[in-house]
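Residue numbers (my numbering), protein chains in the order written: chain A, 2 to 113; chain B, 172 to 287. From the three backbone atoms N, C-alpha and C, an ideal C-beta is built for every residue, glycine too. Nothing here was measured: the structure is a model prediction, and the numbers come from that model. Notes follow the structure.
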Amino acid sequence: SQELEQSPQSLIVQEGKNLTINCTSSKTLYGLYWYKQKYGEGLIFLMMLQKGGEEKSHEKITAKLDEKKQQSSLHITASQPSHAGIYLCGATPPGSNYQLIWGAGTKLIIKP
Amino acid sequence: KAGVTQTPRYLIKTRGQQVTLSCSPISGHRSVSWYQQTPGQGLQFLFEYFSETQRNKGNFPGRFSGRQFSNSRSEMNVSTLELGDSALYLCASSSNSGTRVNTEAFFGQGTRLTVV
């Protein structure tokens with residue numbers, strides 16, 4: 002079965018600094034999703050990547066999917082307190098429709 | 172457009188009881204998925220419904236069931252509650268109708284279930 006591994010598990014970053022979160026799959030990704038979650042609340046959609054080499058940006062967040070479609074990175078530039086939360090990557094597993102599997106999440110803390 | 176609405180937000184139940192959680196998707200969305208989130212297991216897929224039909228089911232015991240109504244609203248039911256069922260239950264809706272999840276899913280705020 003396909004698994005998603007996120008790294009690091011947690012991250013403490015000084016406000017204003019850049020950071021990167023990684024999501025690695027054991028199999029080819031056919032759709033990779035990044036979501037953000039505030040503790041105990043619902044998930045907020047950030048970005049969806051489908052093609053190898055694809056890169057998308059929204060405000061200060063950039064997500065990339067590598068050419069082999071087995072690894073994605075989420076990069077935040079000039080971090081702000083509003084970026085704090087848990088970042089989750091999700092993907093559609095091959096042969097299993099209509100569901101997403103998830104990484105364990107990366108907890109991001111921004112130090113003022 | 173109103174977002175995904177889950178009710179109730181919080182629930183405390185006793186072992187052995189049953190519980191029903193409700194999810195109202197975004198207007199026009201016909202796909203509704205349910206997920207369980209726990210600190211130990213993370214986010215795990217429960218089931219997905221589209222036009223009142225369950226299209227996929229995760230690896231959960233038969234105590235977990237769901238249904239979808241003609242207006243796309245969905246309910247999930249857990250019978251004979253166990254302590255391990257304590258979790259955040261999340262519902263997501265999407266406009267996806269194809270064979271793969273190819274559109275973003277919009278999540279509700281979740282229902283926090285505590286079993287004592």
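- Neighbours of Leu89 of chain A in chain B, taken as residues at a C-beta separation under 9 Å, are given in chain order as Gly213 and Leu214.
- For Gln212 of chain B and Met49 of chain A, the gap between their C-alpha atoms comes out near 23 Å.
- At a cut-off of 8 Å, the C-beta of Gln100 of chain A has a neighbouring C-beta in chain B.
- Under the three-state reduction of DSSP, Leu254 of chain B is assigned to helix.
- Contact residues of the region 50–64 of chain A toward chain B are absent (C-beta to C-beta distance below 7 Å).
- Between Ala258 of chain B and Ala276 of chain B, the gap from beta carbon to beta carbon reaches 8 Å or more.
- Of the residues B:Ser243, B:Ser198, B:Phe235 and B:Thr185, the one whose Cα lies closest to the Cα of Phe216 of chain B is B:Phe235.
- Put simply, the backbone Cα of Gly229 of chain B is about 9 Å away from that of Glu219 of chain B.
- The Cβ of Leu66 of chain A sits no closer than 8 Å to any Cβ of chain B.
- Counting along the chain, Phe218 of chain B sits inside the beta strand (DSSP E) bounded by residues Gly213 to Phe221.
- Cβ contact annotation for Asn248 of chain B (same chain, cutoff 6 Å, sequence separation greater than five): Thr191 and Ser236, in chain order.
- Taking Lys69 of chain A as reference, the option from A:Pro94, A:Gln15 and A:Ser26 with the minimal CA-CA separation is A:Ser26.
- Identification of residues in the region 31–45 of chain A having a C-beta nearer than 8 Å to some C-beta of chain B yields Tyr31, Gly32, Tyr34, Tyr36, Gly41, Glu42, Gly43, Leu44 and Ile45, given in sequence order.
- For the pair Gln7 of chain A and Ala105 of chain A, the CB atoms are nearer than the 8 Å cut-off.
- Under the three-state reduction of DSSP, Ser198 of chain B is assigned to coil, being neither helix nor strand.
- If you ignore the 5 residues before and after Tyr181 of chain B, its C-beta comes within less than 6 Å of the C-beta of Arg283, all in its own chain and listed in chain order.
- The shortest CA-to-CA distance from Tyr31 of chain A to any of A:Gly53, A:Glu42 and A:Gln10 is the one to A:Gly53.
- CA-CA distance, Arg226 of chain B to Ser243 of chain B, rounds to 14 Å.
- Look at Ser74 of chain A here: in three-state DSSP terms it is strand.
- From the listed residues A:Asp67, A:Thr78 and A:Gln71, the smallest Cα separation to His59 of chain A is found for A:Thr78.
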